[in-house]
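Colleague:
In full-length UniProt numbering, the protein residues as written are 1 to 160.
#1: When you compare only the Cα positions, how much space is there between residue 110 and residue 130?
#2: I'd like to confirm the pairing. Which residues does DSSP put opposite residue 6 in its beta bridges?
#3: Going by DSSP, what residue range makes up the beta strand (DSSP E) through residue 135?
#4: Going by the DSSP bridge assignment, what does residue 49 pair with across the sheet?
#5: What is the DSSP secondary structure of residue 26, counted as helix, strand or coil?
#6: Anyone know if the C-beta pair for residue 161 and residue 151 falls short of 8 Å?
#7: With 8 Å as the threshold, decide whether the Cβ of residue 55 is near any Cβ in chain B.
#8: Would residue 60 and residue 42 qualify as a contact pair, given that the criterion is a beta-carbon distance under 8 Å?
#9: For residue 46, count neighbouring Cβ atoms within 10 angstroms of its own Cβ and tell me buried if that reaches 16, exposed if not.
#10: Under the assumption that residue 135 contacts residue 96 (Cβ atoms under 8 Å), give the Cβ distance between them as a whole number of angstroms.
#11: Give me whichever residues DSSP pairs with residue 62 in a beta bridge.
#12: Counting Cβ pairs, one atom from each stretch, are 3 or more of them under 8 Å apart for the segment 72 to 79 and the segment 2 to 9?
#13: Specify, as a first and last residue, the run of the alpha helix (DSSP H) that residue 154 falls within.
#14: Beta carbon of residue 105, beta carbon of residue 53: below 8 Å?
What follows is the structure, encoded as structure tokens:
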């Protein structure tokens, strides 16, 4: 089946089997290997991307369901000049990654949440939801929370 996707601002026209997962198309067909596959059941969140600005688990979405949609992967998080996104800087500064396997999914979930609510850091329950949405086996979540809060503050200062 022929589909069109806009991924990180670039249009793609692809032939895909109807049962093919979006995560597999991103990784195998487009070479965007930052989208990690962990559990392949939608639980771990390592495959999280933004679809039309909303976080989704790409292991639960068929590629044909994304036809005509705008997707953003971790590769599209940095600015056009390669400048790291505030979340990327904050994750590094707060040591919010160890093995790094879960990091792309956390970055994308947090990016979607911050886009939707720039004041996210002021809402503890919303922060709990974002930080608890993905699984990390290394950091204990404290550094991840601090990183998202730091990025939220940085983004707020940049737009003030």
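Cβ coordinates follow ideal geometry from the N, Cα and C atoms, glycine included.
Modeller: With the structure as the only source:
#1: Taking the chain shown and counting its residues from 1, the one referred to as residue 110 is at position 110. Taking the chain shown and counting its residues from 1, the one referred to as residue 130 is at position 130. The C-alpha of residue 130 is placed about 6 Å away from the C-alpha of residue 110.
#2: For the purposes of this step, residue 6 is taken as residue 6 along the chain shown, with counting starting at 1. Looking at the DSSP assignment, residue 6 forms a beta bridge with 11, 70.
#3: Residue mapping note: residue 135 aligns to position 135 of the chain shown, counting from 1. From DSSP, residue 135 is part of no beta strand (DSSP E); its letter is neither H nor E.
#4: As a position in the chain shown, residue 49 is number 49, starting the count at 1. Beta bridge pairing from DSSP links residue 49 with 56.
#5: Reading the chain shown from its first residue, position 26 is the one you call residue 26. In this structure, residue 26 counts as helix in the three-state DSSP scheme.
#6: The chain is shown from 1 up to 160; residue 161 falls before or after that span and cannot be answered.
#7: Given the protein chain composition of this structure (a single chain), no chain B is represented.
#8: Taking the chain shown and counting its residues from 1, the one referred to as residue 60 is at position 60. Taking the chain shown and counting its residues from 1, the one referred to as residue 42 is at position 42. The criterion of a C-beta distance shorter than 8 Å is satisfied by residue 60 and residue 42.
#9: For the purposes of this step, residue 46 is taken as the residue at position 46 of the chain shown. So residue 46 counts as buried.
#10: Stepping through the chain shown from its first residue, residue 135 is reached at position 135. Stepping through the chain shown from its first residue, residue 96 is reached at position 96. Actually they are not in contact, since the Cβ atoms of residue 135 and residue 96 sit about 14 Å apart, beyond 8 Å.
#11: Locating residue 62 in the chain shown gives position 62, where the first residue counts as 1. The partner list for residue 62 (beta bridge, DSSP) reads 21.
#12: Verdict: yes, contact present.
#13: Indexing the chain shown from 1 puts residue 154 at position 154. In the DSSP assignment, residue 154 falls within the alpha helix (DSSP H) that extends over 142 to 159.
#14: If you number the chain shown from 1, residue 105 lands on position 105. If you number the chain shown from 1, residue 53 lands on position 53. It is not a contact, given that the beta carbons lie outside the stated cut-off.
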